[in-house]
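>
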Amino acid sequence: MNPILLKPSGNHRCQVIVRGKVREDMSSSDYHTYKPILAKELKDIFKNFSDKYDVVVMEGAGSTAEINLKEHDIANMGMAEIADAPVIIVGDIDRGGVFASLAGTMLLLSEEERKRVKGVIINKFRGRKELLGEGIKMLEEIIKVPVLGVIPYSDIKIEDEDSVTTKFKTKMDKNDIHIEIIRTPHMSNFTDFNIFETQEDVSIRYVGYGESLGNPDIVILPGSKSTIDDLKYIRESGLEEQIKELHKKGKLIFGICGGYQMLGKKLRDPYHVEGDTEEFDGIGLLDTITTFEKEKTTTQVNAIISQKLNGYMSNLGGKKVKGYEIHMGITDIGSSLNSLNTITKRLDEQVNYQEGSVNQEGNVVGTYLHGIFDDVDFTRSLLNNIREAKGLEKVKSSVASFEEFKQKEYDRLAELLREHLDIKKIYEIMDEHEKSVIKK
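Position in the sequence shown (from 1) plus 1363 gives the number in my numbering.
Below you can see the structure in the form of structure tokens.
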């Protein structure tokens, strides 16, 4: 979980979200001076976690040694100090320069910070470990802490962090169904599309600036950290007109969260949540108007797909899906649209309300539900509807359950770490820290 989350809002400002609630819209300088207040809250948040769990793992953001941001740091060594936690630094050798990176990082840390560092790990190594032997020995002599393991590069299909994702690679085999995803500057929630990589009859292509849409069966407009800015990008890049042309050809246009908002007629921002523009024209493929609110919706939901949808969405009625919502807007839909689903559960509360939009032809769809594609039954049925429209036979999913598939991939990762890390030493580091805390 992210106790403090920063969401860009345009004009070099961002929303500061604390414990899932929007605290304030700030400039970078305002946020920097606000950090000491957040540091006090982080101390309480960490105590709450440490009281409930035996082990709390904290992942830093950016570099361990951001010396220009060191004052009031709450994301890296500053948080380690707040929690009084030992530190293990992980270096990625796949990008090159890992020895210089690790040695340089230790050099830039203060003496007190270096005392917290109990070891380093070299990650994503391609090749024979013996080739690193002399280098590891020299590194340990320089940094005065052990290398706790060398993790080999492995094609494990786990979810990337949005800001460091490498998922923009194209999976364009000669497959039956072609999906193209608009890659916007503030694209978020990349994991919404991971399931497509498990489907053998699906090819994926990410389309960014300077590129053109091809002839896909599905165009997806993803979530966005800054919806209006990304809509401007789609418009200025010429992708908006290409999306409209594909819609005229009967292709499926699917928007998720920010992408859903973009597909509507209007986006209104009376509270300047996303910037100075109070009203902005949408792409206009859905008869919806979205108004950005001050309060952010953050919730997990269960839903049932609506009955009697047409086109690509036909025969999907009654299928159960689940996902999560994280958005600022409220979307009003016109009378010509059908709702995509009925929300039946919100966190632990039983509810009953409509969500999402589908046009009468069933080829323009919008929803706030991130993770909707993770339901194999829903997604495979949708893909088979497209296959049927193309005159192809239906096929079964390559995986029975995407949730089980992900769990197996995490199990593979766990086995990889057990094999290549000095787990005994890591447990010793944890035990020594626990004893020192008890003494205090």
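Quick reminder that beta carbons are idealized off the backbone N, C-alpha and C, glycines included.
1) Of all the beta strand (DSSP E) runs that stay within the bounds of the segment 1629-1698, which reach a length of 3 or more residues?
2) Where DSSP assigns a beta bridge to S1341, which residues make up the other side?
3) Could you tell me the distance, in whole angstroms, from the CA atom of I1380 to the CA atom of Y1394?
4) Label E1476 either buried or exposed according to how many other C-beta atoms from any shown protein chain fall within 10 Å of its C-beta, with 16 as the threshold for buried.
5) Determine the direct distance from the alpha carbon of A1402 to that of I1367, and round the result to whole angstroms.
6) Cβ atoms of V1727 and H1610: under 8 Å apart, would you say?
7) V1527 by DSSP, collapsed to three states: which one?
8) Residues in its own chain within less than 7 Å of I1789 by CB, not counting five upstream and five downstream?
9) Can you give me the C-alpha to C-alpha distance between T1742 and S1764, rounded to a whole angstrom?
10) Could you pull the start and end residues of the beta strand (DSSP E) that F1488 belongs to?
11) Distance check for T1427 and M1440, CA to CA, integer angstroms please.
12) Is the segment 1567-1576 in contact with the segment 1740-1760, if contact means three or more CB pairs nearer than 8 Å?
13) Roughly how many angstroms lie between the CA atoms of G1498 and E1782, to the nearest whole one?
14) On a CA-only basis, which of L1594, L1630, L1576, E1637 is nearest E1608? Give me that one, please.
15) DSSP three-state label for R1386, please.
16) Which one of F1412, S1761, G1754 has the shortest CA to CA distance from D1740?
17) Specify, as a first and last residue, the run of the alpha helix (DSSP H) that P1399 falls within.
18) Throw me the rounded Cβ distance for the Q1670 and G1680 pair, which I believe falls under 8 Å.
19) Based on the DSSP secondary-structure assignment, which residues constitute the bridge partners of R1568?
20) For N1538 and V1565, what's the separation of their Cα atoms in angstroms?
21) Rounded C-beta distance between F1736 and I1597? I'm assuming under 8 Å.
22) Verify whether the separation of the beta carbon atoms of I1693 and E1656 is less than 8 Å.
23) Cα separation between E1766 and S1698?
24) List, from N- to C-terminal side, the alpha helix (DSSP H) runs of 4 residues or more that fit wholly inside the segment 1732-1791.
25) Measuring CA to CA, which of I1646, I1792, K1659, Q1723 is closest to L1672?
26) In the DSSP assignment, what residue or residues form a beta bridge with Y1516?
27) With respect to the alpha helix (DSSP H) encompassing F1462, which residues constitute its N-terminal and C-terminal limits?
28) Go through its chain and collect everything with a Cβ distance to G1622's Cβ below 6 Å, but skip five positions before and after it.
29) Going by alpha carbons, who is nearest to D1578 out of M1550, K1595, K1614?
30) Exposed or buried, which one is K1659 when buried takes at least 16 other CB atoms within 10 Å?
31) Nearest to D1555 by CA position, among P1548, I1485, S1587, E1642, is which residue?
32) Quick check: the segment 1478-1487 against the segment 1449-1464, are at least 3 beta-carbon pairs closer than 8 Å?
Taking the structure as given:
1) Runs found: 1629-1631, 1642-1644, 1651-1668, 1683-1696.
2) Shown here, the chain extends from 1364 to 1803; a query on residue 1341 therefore has no answer.
3) Taking the straight line from one Cα to the other gives about 11 Å.
4) With 16 or more Cβ atoms within 10 Å of its Cβ, E1476 is classed as buried.
5) Near 10 Å, if we compare the C-alpha coordinates of A1402 and I1367.
6) The answer is yes: Cβ separation under 8 Å.
7) Any reading at V1527 is ruled out, since the residue's pLDDT is 46, under 50, leaving its predicted position unreliable.
8) Answer for I1789: L1511, listed in chain order.
9) So the two alpha carbons sit approximately 11 Å from each other.
10) Taken as a continuous stretch (DSSP letters only), the beta strand (DSSP E) holding F1488 covers 1480-1488.
11) Cα to Cα, the separation comes out at about 7 Å.
12) A contact between stretches requires three or more CB pairs, one per stretch, nearer than 8 Å, and the segment 1567-1576 fails this requirement with the segment 1740-1760.
13) Straight across, the Cα-Cα distance linking G1498 with E1782 is about 21 Å.
14) Among L1594, L1630, L1576, E1637, the Cα nearest to that of E1608 is on L1576.
15) In this structure, DSSP gives R1386 an extended state, which the three-state scheme calls strand.
16) D1740 has its Cα closest to that of S1761, out of F1412, S1761, G1754.
17) Run containing P1399: 1391-1415, per the alpha helix (DSSP H) assignment.
18) Right, their Cβ atoms sit about 4 Å apart.
19) E1543, per the DSSP bridge assignment.
20) Note on geometry: alpha-carbon atoms of N1538 and V1565 lie some 6 Å from one another.
21) Rounded, the Cβ-Cβ distance is 21 Å, inconsistent with contact.
22) Their beta carbons are under 8 Å apart, which means I1693 touches E1656 by this criterion.
23) E1766 and S1698 have their C-alpha atoms spaced approximately 36 Å apart.
24) The segment 1732-1791 contains these whole alpha helix (DSSP H) runs: 1739-1752, 1765-1783.
25) Checked all of I1646, I1792, K1659, Q1723; the closest Cα to L1672 is Q1723.
26) Y1516 is not bridged to any residue.
27) Element bounds for F1462: 1461-1471.
28) Counting only Cβ-Cβ distances below 6 Å, and skipping sequence neighbours, we find L1584, P1585.
29) The sequence shown places Asn at residue 1578, not Asp. Nearest of M1550, K1595, K1614 to N1578, Cα basis: K1614.
30) It counts as buried.
31) D1555 has its Cα closest to that of S1587, out of P1548, I1485, S1587, E1642.
32) Contact between the segment 1449-1464 and the segment 1478-1487 is present, because at least three Cβ pairs lie under 8 Å.
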